[in-house]
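Everything on this sheet refers to the single structure shown next.
Residue numbers (our numbering): 936 to 1126.
Next up, the structure:
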């Protein structure tokens, strides 16, 4: 086995040729300490791979192989996230945030969701050309009691519309129709 030369004026090349220069004061690792890319790494390697190599396409390694850092065509180190967040679109360089909600539609008193959550929107529209006017109330509750989140009078001339709330609820979502409200539909988008 070759030895390391430390603090010497004699430098050994990879071919074990001697080079003498008074300016050298280095640690030189001789050929038996080199590892070949994509080959088995010894349990106690004598080297630490430093630097990078340009490759047009990445190498596929197997368990226990020595690896080489790879660079792009400009010498920049290639770095890839192992587990890319699902919201990233690296093709156009943006993080996409999509709102995804469940929904419940009621045409009379009814529970939309049980448990804590978030009310994103409430959409109100007539089921017929002339709904019977009345009050619709949305509760943070499992029944038609408790904390009122939103209330609106619905008239016979109602035009379908949506109200954005983005509010949290702790108990559930319940939509209540007063005694006169009829022929109306309420859709709640929630998480």
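All C-beta atoms, glycine included, are put in the ideal place defined by N, C-alpha and C.
DSSP state of residue i mapped onto helix, strand, coil
i            : result
residue 1012 : strand
residue 1077 : coil
residue 1048 : strand
residue 1062 : coil
residue 1070 : strand
residue 1105 : coil
residue 1055 : strand
residue 998  : coil
Identity of the residue in the options nearest residue i by Cα
i            : options                : result
residue 1106 : 1077, 1112, 1115, 1126 : 1077
residue 1074 : 1066, 1092, 1090, 1051 : 1051
residue 991  : 999, 1005, 1104        : 1005
residue 1086 : 1000, 1057, 997        : 1057
residue 1079 : 1013, 1113, 1024       : 1113
residue 1093 : 1066, 1023, 999, 1001  : 1066
residue 1061 : 1098, 1000, 1121       : 1121
Beta-carbon contacts of residue i that lie in its chain and below 7 Å, excluding the five residues immediately before and after
i            : result
residue 1008 : 989
residue 1083 : 1072, 1074
residue 1090 : 1068
Rounded separation between residue i and residue j - CA only
i            : j            : result
residue 1124 : residue 1026 : 31 Å
residue 1118 : residue 1043 : 9 Å
residue 1011 : residue 1045 : 60 Å
residue 1115 : residue 1034 : 35 Å
residue 1036 : residue 1059 : 17 Å
residue 1032 : residue 1126 : 15 Å
residue 1100 : residue 1055 : 5 Å
residue 1003 : residue 1015 : 14 Å
residue 1096 : residue 994  : 56 Å
residue 1081 : residue 1088 : 19 Å
residue 1049 : residue 1109 : 8 Å
residue 1029 : residue 1102 : 27 Å
Cβ neighbours of residue i in the same chain (closer than 6 Å, five flanking residues each side left out)
i            : result
residue 1039 : 1047, 1123
residue 938  : The predicted position of residue 938 is uncertain, since its pLDDT is 44 and thus under 50; a value taken from the coordinates is nonetheless stated next. No residues qualify anywhere along the chain.
In DSSP terms, what residue i is bridged to
i            : result
residue 1087 : 1071
Distance cut-off 7 Å: residue i Cβ against heavy atoms of the ligand GTP
i           : result
residue 994 : With respect to small molecules bound, the structure shown includes none, and the ligand GTP cannot be examined in it.
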